[in-house]
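Reviewing the structure listed below.
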Amino acid sequence: MKESQSLPRWFNATVTEQGVASRSTLFLLVAIKTIRLLCLIAGYWLFSAMMHTWVVLAQQPDMSDWLGLAAALILAWLLQSDAYRRTLQAKSDLLRGLEKRFAERLVAEQTSLVSTHSAYFWQSVWTRHISALVHWRYDYQVQQYVAVLTPFFALLFILVVNPVVGGSLLITLPLIPLFMILVGKGAAALQRKHFVALTRLGSLFVDRLTALGLLASFRSHQIEQEILKQASDDLNERTMKVVGVAFLSNTVLDFFSTIAVALIAVFIGFSLLGEFSLGPELTLHSGLWLLLTAPLLFSELKALGQFYHQKAEAEAARDAAGDWLAPLDAAQLDEPANELTEPQQFSLQLADNLLASQLLTLLPGDWVAVTGPSGSGKTLLLEALAGQRRGNYRLPCRVAMLTQHPVLLPATLRENLNYQRTFTTARLEQVLSEVELKAWLDSLPAGLDTPLAEVPAISGGQAQRLALARLLLSDAPVWLLDEPTAHLPEAQHHSLSQLIYTLGQGRTLLWVSHKALPDDWFNRAWQVENRRVQQTAGEVVS
Amino acid sequence: MKAFITVLLAVLHGGAGLAILIVSSWFIAACAVAPVNFNYMLPAVVIRALALIRIGSGYAHMWVGHKHLLQLTSLLRVQLFERLFAAQIRQRSEEVEALASHTEAIAAVWVGWVSQQASAVLMLVVSAVTLLVLDIPFAGWTIALGVIWLVIMAALCMQGHTLAKEQILQEHEFREQSDVVLRSVAIWHLKTVKEQLAQLPSAQTLWQTETSQQRLTLQSMWVFQGLAWALMLIIIYLAIHTQLEGDGGNPLLLVVPMLLLSAGDWLGRSFNGQPALNRYVQGKQALKTLPVEPLQLTDAVPLSNTLKLTDFGSVNLPEQKVTAEFDACGLYLVGGPSGAGKSQLLQAISGLVACHGQRLCDGAVPDDGLIEGWLYLEQQPVILAATLRHNLTLGREFSATQLNDVLAKVGLAQLNDLGEWLGPGGRVLSGGERKRLGIARAMLIHSPVWLLDEPFEGLDGAAVSQLVALLQREAAARLIIIASHVYPAELHCKDTLVLSPLS
Chain X
-3 MKESQSLPRW FNATVTEQGV ASRSTLFLLV AIKTIRLLCL IAGYWLFSAM
47 MHTWVVLAQQ PDMSDWLGLA AALILAWLLQ SDAYRRTLQA KSDLLRGLEK
97 RFAERLVAEQ TSLVSTHSAY FWQSVWTRHI SALVHWRYDY QVQQYVAVLT
147 PFFALLFILV VNPVVGGSLL ITLPLIPLFM ILVGKGAAAL QRKHFVALTR
197 LGSLFVDRLT ALGLLASFRS HQIEQEILKQ ASDDLNERTM KVVGVAFLSN
247 TVLDFFSTIA VALIAVFIGF SLLGEFSLGP ELTLHSGLWL LLTAPLLFSE
297 LKALGQFYHQ KAEAEAARDA AGDWLAPLDA AQLDEPANEL TEPQQFSLQL
347 ADNLLASQLL TLLPGDWVAV TGPSGSGKTL LLEALAGQRR GNYRLPCRVA
397 MLTQHPVLLP ATLRENLNYQ RTFTTARLEQ VLSEVELKAW LDSLPAGLDT
447 PLAEVPAISG GQAQRLALAR LLLSDAPVWL LDEPTAHLPE AQHHSLSQLI
497 YTLGQGRTLL WVSHKALPDD WFNRAWQVEN RRVQQTAGEV VS
Chain U
3 MKAFITVLLA VLHGGAGLAI LIVSSWFIAA CAVAPVNFNY MLPAVVIRAL
53 ALIRIGSGYA HMWVGHKHLL QLTSLLRVQL FERLFAAQIR QRSEEVEALA
103 SHTEAIAAVW VGWVSQQASA VLMLVVSAVT LLVLDIPFAG WTIALGVIWL
153 VIMAALCMQG HTLAKEQILQ EHEFREQSDV VLRSVAIWHL KTVKEQLAQL
203 PSAQTLWQTE TSQQRLTLQS MWVFQGLAWA LMLIIIYLAI HTQLEGDGGN
253 PLLLVVPMLL LSAGDWLGRS FNGQPALNRY VQGKQALKTL PVEPLQLTDA
303 VPLSNTLKLT DFGSVNLPEQ KVTAEFDACG LYLVGGPSGA GKSQLLQAIS
353 GLVACHGQRL CDGAVPDDGL IEGWLYLEQQ PVILAATLRH NLTLGREFSA
403 TQLNDVLAKV GLAQLNDLGE WLGPGGRVLS GGERKRLGIA RAMLIHSPVW
453 LLDEPFEGLD GAAVSQLVAL LQREAAARLI IIASHVYPAE LHCKDTLVLS
503 PLS
């Protein structure tokens, strides 16, 4: 679990500093929104002046006031539209920037990263987490600043116009955050108290939906339905306890803003009647303006409340995906060379001490047997050499990997083989006969253009041969084989291994295998034990 | 009932807010003009009362609204679950997860959309009626405001709906594309770095639609705000350039201008409800089009002699034609490489999938469907998010000694706390432990036939031996058919059936 760095600090360190989201856009948006509110305040002044002339003085309002009001409102209206446009634009830009970083990270770390989570999780990063961060940045953060600046300016002007009203607002204003923090702490405490029950009960519905087959087999559907109902009632009761307190924070704000307006109205009214005579003299002009401006102290804070859920979503996004939005060092995305020419000598050290090795040697054309108990880090070693892990060394040339479960794309056989480039039919047929799939190819109804989904079940061995064909087509100088025969029966293991031996001659090859392979195939052996690699056989070039 | 109370409280809350603003401004104007015999105490009290109503109804609306939301969501979920009795959902797990948010979205339409629109409509109607009845100057202009609101709202709803439908399609397409790319990660490295970056899916179109939705809502609010202000400016312009309505010093003159000046505030909330409406429509659609596959449940079939299969196979594999005979008690092995159809055969025998061919139990043909007591135990047994006890008993009554007994028999004695929570947030069982839990479940109920799919895969040597011993013991009392490509040496079966890959 990561230390809880505050969200703004994390964002600045990871995203802003590296140039994807600039602070200037943020401040520009804040400035536009604040100026818009200043225009509104000015507009209210002119509006109140005209009402005063019209109602109290019983004259027609001044045309100059009307023009001023029209100008102020039009300006506020246009600034509003400008703010919207810029916000949407900024969001698009940030989305693009974050997506680019995420894509680069996926490509740099490939299998080592993607296999750690389901495809659904990665899709959520795209569809939810990245947008959550963006919305938080340009809605919530902007509103945070506006919610502080607007009351500041409004209060300033109110104090100038009527120190009594301004003073009493100034005294009551700090109470709001105080109460909201108290309520927030109370709600958080309740949430913690019910946390375990809430998380368990919350996922019950989906859990039982995925287990319908089990429930049918064991005839437990009715019982589970009862349990679901009881659990829902329990969950709802607990949730209401938590939100009952959490809603108070909205009510606190509502309370202060409503009471403020009501009391100001009564105060102004009575002052105009002569019941009070506190502070400078009030007229309908100043009174109406005060009535219109006072709610501005609270309205921006209320708007912030509407965006509040964005903060929680952004924090969830940071926890889930934050690591992968940090920038990469450029070297990780370099195109590797086409040939392995130099002898390699390295002692591998991965970040976070995932894997370390003694001084290892690799000469072009070596065949290395990699052995070790399961879980010791053999796959890590291959991934590191392929350049997918952060460490101090990677192979300088292109590699081709064969994994335990071959990848079959939902497309035609031809498209499966034309993965990195388009090859001629002759070349494809040649490669398929090299991997002993010619007979199978001939049996297919449409030959190379048969969609794989329509082929009756491909056996594990055939699929691995297809994967092997891809390796041949890629013509990479180094092959990394991660237990390719792990899920195949004995006979297929032997034939496939023999095939690899024949086709891999002349290449540099690293082979991880649990199942026995002839010793004379390999001229080097690396033993992986407990995340440590050492060379156990083979010459060392000094 | 609660739904209507929620909406009523929302109307009260909104109405009180508007009333405070209008009554306050009228009150100040009236005090400034100070007519004779002006009872100023009454409006002051009314203002304060309105303030309390607003605060109280605000909290009550949130509280009642949320309670109603939770109850309605539970109801919808239980109803959905009931509908799925003896059925399966043929959908990916993430779409099943989305059902939880769909049911919530359907329930949330009251708090999220209906309340806002109802209060907007009622505030407009009540203001128009009140102003006309009280013969307040410029009252007719509120009708114009109402019409503007209605037109913009209708346009917003229609366009928003279209965009929402497009969004669903795009999200579906994105998921399909990204699924293929993400699942092929093991071969990405064969391409150049530039090609790899190019092949990754992009959520740009998805985000653009989302942005369009936002822009639609913001634009609607903006246009409405502009038109309301324009109306107000026109009224004052007319006041400047024409005869004043009635006496100039009428405090009621400023009611309608105030209404129009603040229209964006008290009616603006109604535009923000559009996303809630979209989610409601999406949720309804998702629940309607749920791909439900019904399972037939058949009562227990007596099996005391033999189970005979003739040209038997799963309906999903038309070429599968298995002919075999099994005793009512004994251990049988179905072997063959992966892809030969072993799982399908076992599922067909149990009745989980439809079959073709003939199946005779003691010479009689059983009804179609999932036969009670004939348990198909899949490769990855489902562990419910529940206590260990519930996972074992699935709701039936068993004593603690019985449960501990059966756990010891399958080799799970280390799970000694029956109240321990399994699943997310609780203890995570290893693959081998899950398989053994599945068998423990089967041992607790009367199950004359067990169909085990790859029970030995992923287990180390000691665990395999233990499991083999257990199965040999249990086979004395029931028919056990194992599908496996692993053949443990110590396994002695009555017979072995080898399926060859279908060509």
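Those sequence lines, one after another, are chains X and U. The opening residue of the first sequence carries number -3 in the working numbering; numbering runs sequentially from there. The opening residue of the second sequence carries number 3 in the working numbering; numbering runs sequentially from there. Think of the CB as a built atom: it goes at the ideal place given N, C-alpha and C, for glycine as much as any other residue.
* Residues near alanine 356 of chain U by beta carbon distance below 6 angstroms, same chain, minus five either side -> As a position in the second sequence, residue 356 of chain U is number 354, starting the count at 1. Residues of the same chain with a CB within less than 6 angstroms of the CB of alanine 356 of chain U, apart from the 5 flanking positions on each side, are Val317 in chain order.
* Give every residue of the same chain whose Cβ lies closer than 8 angstroms to the Cβ of glutamate 295 of chain U, excluding the five residues on either side of it in the sequence, and list them in chain order. => The sequence position of residue 295 of chain U within the second sequence is 293, counting from 1. Ala89, Gln90, Ile91 and Arg92, listed in sequence order.
* Segment contact flag, the region 438 to 446 of chain X with the region 458 to 468 of chain X, C-beta cutoff 8 angstroms, min 3 pairs -> Judged by Cβ distances under 8 angstroms, the region 438 to 446 of chain X makes no contact with the region 458 to 468 of chain X, as fewer than three pairs qualify.
* To do: Please classify glutamine 494 of chain X: does DSSP put it in a helix, a strand, or coil?
  => Residue numbering aside, residue 494 of chain X sits at position 498 when the first sequence is read from its first letter. Look at glutamine 494 of chain X here: in three-state DSSP terms it is helix.
* Separation of asparagine 232 of chain X from tryptophan 423 of chain U, as counted between CA atoms -> What you label residue 423 of chain U is simply residue 421 of the second sequence in a count that begins at 1. What you label residue 232 of chain X is simply residue 236 of the first sequence in a count that begins at 1. Roughly 21 angstroms between the two C-alpha positions.
* Asked: Of the residues X/Ala256, X/Leu505, X/Gly456 and X/Pro447, which one's Cα is nearest the Cα of valine 395 of chain X?
  -> Position 399 of the first sequence, counted from the first residue, corresponds to residue 395 of chain X. A check of alpha carbon separations from valine 395 of chain X across X/Ala256, X/Leu505, X/Gly456 and X/Pro447 identifies X/Leu505 as the nearest.
* Asked: In whole angstroms, what separates the C-alpha of isoleucine 30 of chain U from that of alanine 130 of chain U?
  -> Numbered from its first residue, the second sequence carries residue 30 of chain U at position 28. Numbered from its first residue, the second sequence carries residue 130 of chain U at position 128. Going from the Cα of isoleucine 30 of chain U to the Cα of alanine 130 of chain U covers about 22 angstroms.
* is_contact[valine 355 of chain U, chain X] using C-beta, thresh 8 angstroms -> Residue numbering aside, residue 355 of chain U sits at position 353 when the second sequence is read from its first letter. False, the Cβ-Cβ gap to chain X never drops below 8 angstroms.
* Could you name the residues of the same chain whose beta carbon sits closer than 8 angstroms to that of leucine 305 of chain U, not counting the 5 residues immediately before and after it, in chain order? => In the second sequence, the residue the question calls residue 305 of chain U occupies position 303. Excluding sequence positions up to five before and after leucine 305 of chain U, its CB lies within less than 8 angstroms of the CB of Ala330, Cys363, Asp364, Pro450, Val451 and Leu481, all in the same chain and listed in chain order.
* Less than 8 angstroms between the CB atoms is what I'm expecting for histidine 487 of chain U and proline 339 of chain U, so what's the real figure, rounded? => Your numbering for residue 487 of chain U matches position 485 in the second sequence. Your numbering for residue 339 of chain U matches position 337 in the second sequence. That pair is a contact at about 6 angstroms.
* Asked: If we cut at 8 angstroms on Cβ distances, does valine 13 of chain U have a partner in chain X?
  -> Here the question's residue 13 of chain U lines up with position 11 in the second sequence. For valine 13 of chain U, the answer is no, since every Cβ of chain X falls outside 8 angstroms of its Cβ.
* **8 angstroms Cβ cutoff met for alanine 382 of chain X and leucine 351 of chain X** => Here residue 382 of chain X refers to the residue found at position 386 when the first sequence is read from its first residue. Here residue 351 of chain X refers to the residue found at position 355 when the first sequence is read from its first residue. No.
* Asked: Any residues in the region 82 to 97 of chain X with a beta carbon nearer than 9 angstroms to a beta carbon of chain U? Which ones, in chain order?
  -> Here the close residues are Thr83, Leu84, Lys87, Ser88, Leu91, Arg92, Glu95 and Lys96.
* Asked: Between the region 82 to 98 of chain U and chain X, which residues of the former have a C-beta closer than 7 angstroms to a C-beta of the latter?
  -> Against chain X - using a Cβ distance shorter than 7 angstroms - the residues of the region 82 to 98 of chain U are Phe83, Glu84, Leu86, Phe87, Ala88, Ala89, Gln90, Ile91, Ser95, Glu96 and Val98.
* Asked: Straight-line CA distance for lysine 374 of chain X to arginine 527 of chain X?
  -> Walking along the first sequence from the start, residue 374 of chain X turns up at place 378. Walking along the first sequence from the start, residue 527 of chain X turns up at place 531. Rounded to whole angstroms, lysine 374 of chain X to arginine 527 of chain X spans 8 angstroms at the Cα level.
* **Any C-beta of chain U under 8 angstroms from that of lysine 225 of chain X** => Walking along the first sequence from the start, residue 225 of chain X turns up at place 229. Answer yes: the Cβ-Cβ gap between lysine 225 of chain X and chain U drops below 8 angstroms somewhere.
* Check whether the Cβ of leucine 274 of chain X sits closer than 7 angstroms to any heavy atom of the ligand FMN, and report yes or no. => Among the ligands in the structure shown, none appear at all, so the ligand FMN cannot be discussed.
* **For aspartate 455 of chain U, the three-state DSSP class (helix, strand or coil)** => Locating residue 455 of chain U in the second sequence gives position 453, where the first residue counts as 1. Residue state, collapsed to three classes: strand.
* Other residues of its chain near lysine 29 of chain X: CB distance less than 6 angstroms, five sequence neighbours each side excluded -> On the first sequence, residue 29 of chain X is found 33 positions in, with the first residue counted as 1. Sequence-distant Cβ neighbours of lysine 29 of chain X in its own chain, meaning closer than 6 angstroms and more than five residues away, are Ala79 and Val142.
* Asked: CB alanine 465 of chain U to CB glycine 434 of chain U, shorter than 8 angstroms?
  -> By one-based count along the second sequence, residue 465 of chain U stands at place 463. By one-based count along the second sequence, residue 434 of chain U stands at place 432. Yes, Cβ-Cβ distance for alanine 465 of chain U and glycine 434 of chain U is below 8 angstroms.
* Measuring alpha carbon to alpha carbon, tell me which of X/Val192, X/Arg461, X/Ala459 and X/Leu377 ends up nearest serine 343 of chain X. => Taking the first residue of the first sequence as position 1, residue 343 of chain X is located at position 347. When C-alpha distances from serine 343 of chain X are compared across X/Val192, X/Arg461, X/Ala459 and X/Leu377, the shortest belongs to X/Leu377.
* Asked: Who does lysine 310 of chain U pair with in a DSSP beta bridge?
  -> By one-based count along the second sequence, residue 310 of chain U stands at place 308. The partner list for lysine 310 of chain U (beta bridge, DSSP) reads U/Glu327 and U/Leu362.
* Using a C-beta cutoff of 8 angstroms, does valine 135 of chain U count as contacting chain X? -> Within the second sequence, residue 135 of chain U is the residue found at index 133, counting from 1. Valine 135 of chain U does not count as touching chain X.
* **Contact check, tryptophan 363 of chain X vs tryptophan 118 of chain X, beta carbons under 8 angstroms** => Your numbering for residue 363 of chain X matches position 367 in the first sequence. Your numbering for residue 118 of chain X matches position 122 in the first sequence. In this structure, the beta-carbon distance from tryptophan 363 of chain X to tryptophan 118 of chain X does not fall below 8 angstroms.
* For chain U, find out if any of its Cβ atoms is closer than 8 angstroms to the Cβ of serine 199 of chain X; answer yes or no. => Counting from 1 along the first sequence, the entry for residue 199 of chain X is found at position 203. Put simply, the CB of serine 199 of chain X is near chain U, with a gap under 8 angstroms to one of its CB atoms.
* Per DSSP, which one or two residues make a beta bridge with serine 272 of chain U? -> The sequence position of residue 272 of chain U within the second sequence is 270, counting from 1. In the DSSP assignment, serine 272 of chain U forms no beta bridge with any residue.
* Nearest neighbour of valine 153 of chain U, chosen from U/Leu208, U/Met223 and U/Leu347 [CA to CA] -> One-based indexing of the second sequence puts residue 153 of chain U at position 151. For valine 153 of chain U, the nearest C-alpha among the options comes from U/Met223.
* **glycine 209 of chain X - DSSP class collapsed to helix/strand/coil** => Residue 209 of chain X sits at position 213 when you count from the first residue of the first sequence. Note: glycine 209 of chain X maps to helix in three-state DSSP.
* Comparing alpha-carbon positions, which option in X/Thr21, X/Val160 and X/Cys35 lies nearest glutamine 137 of chain X? -> Indexing the first sequence from 1 puts residue 137 of chain X at position 141. Ranked by Cα distance from glutamine 137 of chain X, the options X/Thr21, X/Val160 and X/Cys35 are led by X/Thr21.
* **Any chain A beta carbon closer than 8 angstroms to valine 142 of chain X** => Within the model displayed, chain A is absent; protein chains X and U are what it includes.
* Asked: If we ignore side chains and look at the alpha-carbon of each, how far apart do glutamate -1 of chain X and serine 467 of chain U end up?
  -> What you label residue -1 of chain X is simply residue 3 of the first sequence in a count that begins at 1. What you label residue 467 of chain U is simply residue 465 of the second sequence in a count that begins at 1. At glutamate -1 of chain X the pLDDT is 47, less than 50, meaning the model places this residue with poor confidence; the figure from the coordinates comes in the next sentence. In this structure, the straight-line span from the alpha carbon of glutamate -1 of chain X to that of serine 467 of chain U is close to 45 angstroms.
* Out of X/Leu476, X/Glu479 and X/Pro514, state which residue places its alpha-carbon closest to the alpha-carbon of alanine 494 of chain X. => Numbered from 1 along the first sequence, position 498 holds the residue referred to as residue 494 of chain X. Position check: residue 494 of chain X holds glutamine in this sequence, whereas alanine was assumed. Of X/Leu476, X/Glu479 and X/Pro514, the residue nearest in Cα terms is X/Pro514.
* Nonlocal neighbours in the same chain, by C-beta distance under 8 angstroms from valine 110 of chain X, ignoring five residues either side -> What you label residue 110 of chain X is simply residue 114 of the first sequence in a count that begins at 1. The residues are Leu102 and Trp118.
* Run the CB neighbour count on arginine 196 of chain X, radius 10 Å, all protein chains shown included, and call it buried at 16 or more, exposed below. => Mapped onto the first sequence, residue 196 of chain X falls at position 200. Under this definition arginine 196 of chain X is a buried residue.
* Within the 8 angstroms Cβ cut-off, does threonine 498 of chain U reach chain X? -> Locating residue 498 of chain U in the second sequence gives position 496, counting from the first residue. No, no contact with chain X.
* How long is the line joining the alpha carbons of glutamine 56 of chain X and methionine 234 of chain U, rounded to whole angstroms? -> As a working mapping, residue 56 of chain X is identified with position 60 in the first sequence. As a working mapping, residue 234 of chain U is identified with position 232 in the second sequence. In this structure, the alpha-carbon of glutamine 56 of chain X lies about 15 angstroms from that of methionine 234 of chain U.
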